[in-house]
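Contents: one structure, followed by commentary.
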Amino acid sequence: MGKVLIIDLTKCNGCHNCQIACKDEHVGNDWSPIAAPEPLTGQFWVKVSDTVRGSFPKVKVAYLLTICQHCDNAPCIDACPNGAIYKRSDGIVIIDPEKCKGSKNCIEACPYEGVIYFNEDLNIAQKCTFCAHLIDKGWEETRCSDACPTGALTFGEEDELEDLIAEAETLKPELGTRPRVYYKGLPKRFIAGTVFDPKADEVLIDAEVDILNISNGKHTSARTDDFGDFWVDGLLPDRYTVIIRKSGYSEKRLDTDITGKDVNLGDIAMHGEL
Amino acid sequence: MNNKAPRDTNGEKKIIRGLGFCSTTADSNSVQVEVSDGKIVRIRPLHYDWEYKDLKPWKMKARGKIFQPPMKTLIPPFSLGYKNRVYSPNRILYPMKRVDWDPDGERNPQNRGVSKYVRISWDEAIDIIVKEIERIKKQYGMEAILSQSDGHGETYCVHAAHGTHRRLLSLLGGYTLQTRNTDSWEGWYWGAKHVWGCETNGFMDPVTNVVWDVSKNSDAVFFWGCDPETTPWAFDGQLASRLCYWFTDIGIKSVYVCPDLNYGAAVHADKWIPIRPNTDAALYLAIAYMWITEGSYDQEYLKTHAVGFEKFKEYILGIEDGTPKTPKWAADIAGVPSYTIKALARYWARHRVSIAIGNGGPGIRGPYSTEPARLQVLLLAMQGLGKPGVHQFKMLEWGLYSQKRKNPLPWPKYIPDIHNIQRGWKYTDTPRQFIPKNLIHDAILRPPITWYGTTLSRDYTEQQFIQYRFPLEDAPEIHMIWTDSPSWVTCWNNTNDFAQAIRSPKIEFMLAQHPWFENDCQMADIILPTPTVMECDDFGVEAMSGQFCAVFPEPRAIEPLGESKSHYEIACMIAERFDLLEEYTEGKGVEEWIKTAYENCGASSDISWEQLQDKGYYVVPPDENWEMYEPGLSSFYQDPEKNPLSTPSGKIEFYSERLAEKFPGDKERPPVPHWISQGEHHQETLSCKRAETYPLLVVSNHPRWRTHSQHDDMTWLREIHTCKVKGPDGYLYEPVWLNPADARPRDIKDGDIIKIFNDRGALLAGVWLTERIRPGVIYINHGARWDPIVPGELDRGGSINTITPHKTTSKNATGMVSSGFLVDIAVADLDEIRKQHPEPFRRPYHQGAGLKVDRMLMHDES
C-alpha cells in the first residue's frame, strides 16, 4: 500500500504542464514542514526532457520525466548524517527542511540524476514531495497529475493501480531501490527507411523488410506502407542486418548499429533483377 | 474540499475564471485561482463537476470506441504559470513619460526606441493626453488620431483589453481605425472564399459534427501547416491533443505536411512530408496532375458541384503555359522527392482524407497565400468534398464568435455570448477612415495609399472588390497614435519600417497602455499602466475549449499592482475630463455592466445571479440532440442545387469568373490558382535572383512557448531549452532551428549566436541544431520581445518580423506576409557588436524574465 505515480510516456505530448504546475505550487510558497519555498529558477522537482530520435526526415520526439522516485529502499535516507530524510507510512519520502543541515550527502547517494537540488540561499536540499502537504489536506492527486492534460500521469494508491503497474517498469531496477514511480513506454530503438525504385521513380509498397538481430539471431518483420516507408520501433539497442525483398528486384542487405541511437537508413534504392 | 466558490474567509479566496488569451470574450482555459493574504497561491484546472456532480459529458462513439471530454479543463502552461506574468519584473506600475518628449517644446521623434522614461502622476498624464487631443482636434481634426486596438491579449468583458477608447473617440468626433487584416487566416479570407464562399472567414463553414464524421469515416487526416499541439493552447486549451491521440487510437493515419517537425508531428505523425516553406501550391498542383492523368478523382461530383474545371485542367496539364505540373516539376520547387509526391497523390485518391488546419502554414502568411489555400479546397473538391470522411476542419477556434457552426465537436446546448456587451472594440464599429494593419508604415511614411477591402473578418467577399484610400480627400494624415495592443513591432510585416514610421516627425504623440513594458511601448511618449485579468472585477464565458461551455463572475483575485488602471477605467477618466462620462458609460457603473453581461450571456434562465455567485461558475450541458445535425457541407454534397454555396455560381469555382472580371490580368491571384514563384509583390523563392544573396528560407510559425507576443517574459517557460537559448553573455536569445547540414559549411555550432539578415535588416538568435527542420530552411517564430540594438536596423531580442516581406499577400489581396521568405545567416560577433553599441548591452536584465522595466527608466541623478 502507499502512493505511486505512473507515467505513461506514450501519452506525453511534452507540454511541460507538470513542470510548470510544480513550480506554481512551490516557488515562493512555504509548505514547511513538508517543503520550504523553491527558488524562482534552477530547480525542477519534476522535469521534462526531450530526445530527438532519428534523422531527417524520419524523426520522432520522445519525452521523459525526471522526478524523485520515492524509493522504498531509498539510499538518501541512510546517507543523511542529520536524519533529515524520512519515509511516511504512505510511501512518500520527505527531506525535512528544518532538520536538513546542507550536507549534500543525499545528492551524492541518489542514483537517479537530477532529482535532488540544493538551495544555496536556504542551505538545504529540496525535491519532489508528491505534494504531501496537499495530500494531507485531502487532495487526491499531485499538482503535476492534476495539470496533465493527456492522462499521462496517474497518481494514487498502489493497490488500486495494480493493473497499470503491471504494464509498467521502474528505472534502474537492478539497484534494488524499489521506486514508487513507474514508467510505461520508455523508448527503445527504431530502424526506419524508405524503399524506392529510382528507374521507375516510384516508392515500393508492400516490400518485405526483415530485421535480423546479429547478436541473438531474432527476426522482426515488417512491410513497407503506402509511402514505401518502414519504421520498426521497440527494438533493443544492438547490431542488425536489414534485408529488403520485393519480387522483381534484387534483394538489398544493409548492416546497421542502433546501440547508440536510432537509425534512419534513408531512401533505399532497389534495382530490377537481371 | 478544495473546490468551493469564492469565500473571503481569513483572507483566503478561490475564484473560477477564464485564463485564455484570444481576447474576443469567447474565452477558454478556465481555472481556479487560490488567493491567500492578497497573494495568488496557485492556479489550477477547473474541475467542471466540483459543483455539478450530475453533469454528463457528451460521448462520441466511433469504430467501437468512445471519446469524451475530461471533466477538468486542459489548460496550457501559459495559464498554469500565469503568476510569472502577474508578478513580472516587467510590469509597468505607474504612468511614464519619455524624457525628451515635451508636448510644449521639442518632441524628438527620432529618439523613439532609444530614449528613457520618467515616472509621472496620473493627473499629469491625463492632463497631457487631454491637451494633446484638444490640440490635434483643432489643428488637424480628430481623424489625425490612429487607434491601434485590436488583436489578441487577455480576455475581459467590461475592462476590455482592446478598444475601450474607440467609443470615446467617436463621441469626441471620430478617429482613424487600424483594421486587423484577418491575420492567421489570410489565404482563406482572400483566396478560398473565392472558391467555396464559406463566409466570412473562408474556412469550411459549417463544420458541425465534422470531428465525429471524421472519426467514423476518414482513413487519414492530413495536418497541413497545422500544429495541434501548439496553436490551440492560447485560445482553446489542450483538447486538440487528446483528439490527436484519439485519431491514432481508432486507426486514422496522421500525415503532417510542414517544413519543421512541429510539436504535433513530433508525437503523432505517421508520416512527415517536410516541404519547403510556402511551396505547397506546387505540391497541390502535382497531386492534381496525378489524379487527372490517372483518372483518380471524382469526375461525377465535379460535373454537379463545380464550375471552371476545364480551365483548371488546362493549367495543370501545361496547355495554358507549356509547363505540365508533374511530380518532377513540383519536386524541384517543394523539395519533396517526386516518388513521394506520387505516393501521396495515390494514397489520397484511394482513401477518405480530411484536412486539419490550424492557423498556420502556407495558407496564411506566405507570399501569395491565396494560392495554396484555394488549391487545398479544390483538391478536396476533386475527392468529393462533403461526402462522409471528406472535410476540412480547424484544430482550434472552436465556437469562434460564440457560433455553434464553427464548432466541429458535439455541441453544447448553447454557447454563452457576451460579444455585444464588452466595452471595447466591436466588429461593427468602423469609422469612415481606416488603414489596414499591414499598411500602417506605408500610410504614415508614403501616403496616399490605396488597397482593396476593409480587411475586417466579418465582411463578405463582395467587400474585397472595393478600393479604399488613405487619407480620404477631406481627412488628415496621422499625427497621434493611441495603442492598447503594442505588439506591432514583433508580429507584423517588415517592422523595421514600422519603427522608422513611428520615429517620423509626422507622429507628434504616441500613447501606449499595457501591463508590461514590451515591444511598441518602447517607442511611446506616454505609457499608462494597466492591470492583468487577476486584478479586475469582470464577467467571463468559456466558449472555445470544445469540452463544455461555462459562465462565471470573475471577481478580482488581487488588488491592482502599483497604480495600474484598466483600459476601461482610463477611457472613463479621459471621458470625464471632456464631460462625456455619462455618455461613454451609458450611465452604468462596472458592477452594472457585469450584471448586464450575466443577463445577456444566455445562461440567466438556467442559473440565478445569486446561485452563480455562490457556486462560482455554471456549466452549460451538452445539446441532447447533438448527433442529429448533418456534418459539415454534407447537405451541399447531397444536393448542391438545393443547398448552394455562397459563391456566385453556388458551386465550387475552379475558375472564378468574378476575379477575372474584377481584376483582369491579375497575375498574382489569377482566376485559376497558380504556382507563383515571383511577382510584383514578392521575390522570395529559391528561383529568384535574390536567392543568390539570401539562399535560406525562413519558416516562422505561431510560437510554442508564447501566444504571439504574449508570455515572452514567463520565467518558468524561458528555462525550457526550446524556448530560449542562453548566449555566452547570459542573455536568453530567441531560438532558431538549423539543420546540421546548413550549420557545417558556415562553421556554426549548437548554441552559437547568429545573425539572421536580408536587405530589410538583421536580428540575433541562438542556434538549436536539430533534425526537426529540413535543410535549406531555418525556423524562428514571431513574437519575441523587441530589444533593439539599433531601432529599425538590428534587434537583439530575435524579432524576425523586423525583416519579413513588406508588401501585402498580393497586389489585390490585403493580407500580410511573415513566413516563407529569403534570408542568410552568419555567426554573430557579440564582442564586436557590444563594442559598437555598448548601451543596449548594459540594460538591466532579469535572469529569469529577461527585459525588465528598469532598463528604460531614467534614474534621478539627484
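First to last, the sequence lines map onto chains V and X.
Heads up, the first sequence is in the numbering used here, so the first residue is 4 and it goes up one at a time.
Heads up, the second sequence is in the numbering used here, so the first residue is 65 and it goes up one at a time.
Backbone N, C-alpha and C fix where the C-beta goes; we use that ideal spot for every residue, glycine too.
Because the structure is a prediction, the values reported are computed rather than measured.
Separation of X/G714 from V/Y66, as counted between CA atoms: If you number the first sequence from 1, residue 66 of chain V lands on position 63. If you number the second sequence from 1, residue 714 of chain X lands on position 650. If I take the Cα positions, the gap works out to 49 Å.
message: Does V/E144 pass the burial test, meaning 16 or more other C-beta atoms within 10 Å, or should it be called exposed?
response: Here residue 144 of chain V corresponds to residue number 141 of the first sequence, with the count starting at 1. By the neighbour-count rule (16 or more Cβ atoms within 10 Å), V/E144 is buried.
message: Quick check on the DSSP output: what are the complete alpha helix (DSSP H) runs of length 4 or more inside the segment 287 to 317 of chain X, in order along the chain?
response: 303 to 313
query: Which stretch, first to last residue, makes up the beta strand (DSSP E) that contains X/P134?
result: Your numbering for residue 134 of chain X matches position 70 in the second sequence. Per DSSP, X/P134 lies in no beta strand (DSSP E) and is assigned neither H nor E.
field: Neighbour list for V/I136 in chain X, Cβ cutoff strictly below 7 Å
entry: Residue mapping note: residue 136 of chain V aligns to position 133 of the first sequence, counting from 1. The sequence shown places His at residue 136 of chain V, rather than the Ile named in the question. Against chain X, the beta carbon of V/H136 has no neighbour under 7 Å; the closest one sits roughly 12 Å away.
- request: Starting from X/I107, find everything on chain V with Cβ-Cβ shorter than 9 Å and list it in chain order.
  value: Here residue 107 of chain X corresponds to residue number 43 of the second sequence, with the count starting at 1. Those within 9 Å of X/I107 in chain V are A24, D27.
task: Have a look at X/T88, X/F529, X/R487, X/T779 and flag the residue whose alpha-carbon is nearest the alpha-carbon of X/G653.
output: Working through the second sequence from its first residue, we reach residue 653 of chain X at position 589. It is X/R487.
- prompt: DSSP three-state call for X/S926: helix, strand or coil?
  reply: Within the second sequence, numbered from 1, the residue matching residue 926 of chain X stands at position 862. Reliability fails at X/S926, whose pLDDT of 39 lies under 50, so the model's placement of it is uncertain and the value that follows must be treated cautiously. The answer is coil: DSSP assigns X/S926 none of H, G, I, E or B.
Own chain residues within Cβ distance below 7 Å of V/G231, not counting five before or after: Your numbering for residue 231 of chain V matches position 228 in the first sequence. Result list for V/G231: T197, V198, F199, V206, L207, I208, in chain order.
task: Have a look at the DSSP bridge pairing and note the partners of X/G825.
output: The count along the second sequence starts at 1 and reaches residue 825 of chain X at position 761. The partner list for X/G825 (beta bridge, DSSP) reads X/N822.
- prompt: Under the three-state reduction of DSSP, which class applies to V/N122: helix, strand or coil?
  reply: Position 119 of the first sequence holds residue 122 of chain V. If DSSP states are grouped into helix, strand and coil, V/N122 belongs with the strands.
- prompt: If you count every other CB in all the chains shown that lies within 10 Å of the CB of X/M65, and 16 or more means buried, which is it?
  reply: Position 1 of the second sequence holds residue 65 of chain X. Legend: pLDDT at X/M65 = 32, less than 50; position of this residue unreliable, value from coordinates given subsequently. Burial call: exposed.
- prompt: Is X/Y353 near X/T295, with beta carbons less than 8 Å apart?
  reply: Position 289 of the second sequence, counted from the start, is the residue given in the question as residue 353 of chain X. Position 231 of the second sequence, counted from the start, is the residue given in the question as residue 295 of chain X. For X/Y353 and X/T295, no; Cβs fall outside 8 Å.
task: Give the residues of chain V in contact with X/T779, contact being defined as C-beta atoms less than 8 Å apart.
output: Position 715 of the second sequence, counting from 1, holds the residue named residue 779 of chain X. In chain order: L43, T44.
message: Give the list of continuous beta strand (DSSP E) stretches no shorter than 3 residues that lie fully inside the segment 631 to 708 of chain X.
response: 682 to 684
- request: Flag V/K14 as yes if its beta-carbon sits less than 8 Å from any beta-carbon of chain X, otherwise no.
  value: The count along the first sequence starts at 1 and reaches residue 14 of chain V at position 11. Taking Cβ atoms only, chain X reaches closer than 8 Å to V/K14, which makes this a yes.
Run of the beta strand (DSSP E) containing V/D81, from where it starts to where it stops: As a working note, residue 81 of chain V is residue 78 in the first sequence. Taken as a continuous stretch (DSSP letters only), V/D81 belongs to no beta strand (DSSP E), being part of the alpha helix (DSSP H) at 78 to 82.
query: Should X/P70 go down as buried or exposed, given a rule of 16 or more other Cβ atoms within 10 Å for buried?
result: The residue given as residue 70 of chain X occupies position 6 in the second sequence. At X/P70 the pLDDT is 46, less than 50, meaning the model places this residue with poor confidence and gives no usable figure here.
query: For V/E123 and chain X, any beta-carbon pair shorter than 8 Å?
result: For this step, residue 123 of chain V is matched to residue 120 along the first sequence. Chain X contact via Cβ: absent.
- prompt: Any idea what DSSP makes of V/D213, helix, strand or coil?
  reply: The residue given as residue 213 of chain V occupies position 210 in the first sequence. Three-state result, V/D213: strand.
- prompt: Exposed or buried, X/M608, counting other C-beta atoms within 10 Å across all chains shown (16 or more means buried)?
  reply: The count along the second sequence starts at 1 and reaches residue 608 of chain X at position 544. Buried, by the Cβ-count rule.
message: For V/G57, would you say it is in contact with chain X, using Cβ-to-Cβ distances shorter than 8 Å as the test?
response: As a first step, residue 57 of chain V must be located in the first sequence, where it is residue number 54. Yes, its Cβ sits closer than 8 Å to a Cβ of chain X.
- prompt: Are the Cβ atoms of X/P855 and X/A413 separated by less than 8 Å?
  reply: By 1-based counting over the second sequence, the position of residue 855 of chain X is 791. By 1-based counting over the second sequence, the position of residue 413 of chain X is 349. Cβ distance not < 8 Å, so X/P855 and X/A413 don't count as in contact.
task: Grab the span of the beta strand (DSSP E) containing X/E435 for me, first residue to last.
output: Taking the first residue of the second sequence as 1, we reach residue 435 of chain X at position 371. No beta strand (DSSP E) holds X/E435; the alpha helix (DSSP H) holding it covers 434 to 446.
query: How would you list, in chain order, the residues of chain V whose beta-carbon sits under 8 Å from the beta-carbon of X/P338?
result: Locating residue 338 of chain X in the second sequence gives position 274, where the first residue counts as 1. Per Cβ cutoff of 8 Å: F59, P60.
- request: Show which residues of chain X have a CB atom less than 7 Å away from the CB atom of V/H19.
  value: One-based indexing of the first sequence puts residue 19 of chain V at position 16. Near V/H19 (Cβ distances below 7 Å), the residues of chain X are P141, I784.
- prompt: Leaving out five residues before and five after X/L503 in sequence, what residues of the same chain have Cβ atoms less than 7 Å from its Cβ?
  reply: Numbered from its first residue, the second sequence carries residue 503 of chain X at position 439. Counting only Cβ-Cβ distances below 7 Å, and skipping sequence neighbours, we find I513, W515.
message: Can you pull the chain V neighbours of X/Q440, defined as C-beta to C-beta under 7 Å?
response: Stepping through the second sequence from its first residue, residue 440 of chain X is reached at position 376. When 7 Å is used as the limit between beta carbons, X/Q440 is near no residue of chain V, the shortest such separation being about 20 Å.
query: Of all the options X/E650, X/L858, X/P401, X/P809, which has the alpha carbon lying nearest to the alpha carbon of V/P201?
result: Taking the first residue of the first sequence as 1, we reach residue 201 of chain V at position 198. Checked all of X/E650, X/L858, X/P401, X/P809; the closest Cα to V/P201 is X/P401.
message: Per the DSSP calculation, X/P593 is bridged to which residue(s)?
response: Stepping through the second sequence from its first residue, residue 593 of chain X is reached at position 529. X/P593 pairs with X/H578.
task: Could you tell me if X/G729 is buried or exposed, where buried requires 16 or more neighbouring beta carbons within 10 angstroms of its beta carbon?
output: What you label residue 729 of chain X is simply residue 665 of the second sequence in a count that begins at 1. Counting Cβ neighbours within 10 Å, X/G729 comes out exposed, since fewer than 16 surround it.
query: In terms of alpha-carbon separation, which member of V/E111, V/A225, V/T173, V/H19 lies closest to V/R183?
result: Reading the first sequence from its first residue, position 180 is the one you call residue 183 of chain V. Cα-wise, what sits closest to V/R183 is V/T173.
query: Which residues bound the beta strand (DSSP E) around V/I194?
result: On the first sequence, position 191 is the one that residue 194 of chain V refers to. Residues 192 to 200.
task: Could you list the residues in the segment 211 to 245 of chain V with a C-beta less than 9 Å from some C-beta on chain X, going in chain order?
output: D228, D229, F230, G231, D232, W234
message: I'd like to know whether the C-beta atoms of V/I127 and V/C103 end up nearer to each other than 8 Å.
response: The count along the first sequence starts at 1 and reaches residue 127 of chain V at position 124. The count along the first sequence starts at 1 and reaches residue 103 of chain V at position 100. In this structure, V/C103 lies closer than 8 Å to V/I127 by Cβ.
query: Who are the near neighbours of X/A507 in its chain, counting only those whose CB is closer than 6 Å to its CB and skipping five residues on each side?
result: Here residue 507 of chain X refers to the residue found at position 443 when the second sequence is read from its first residue. Excluding positions up to five away in sequence, the list reads I499, I513, F534.
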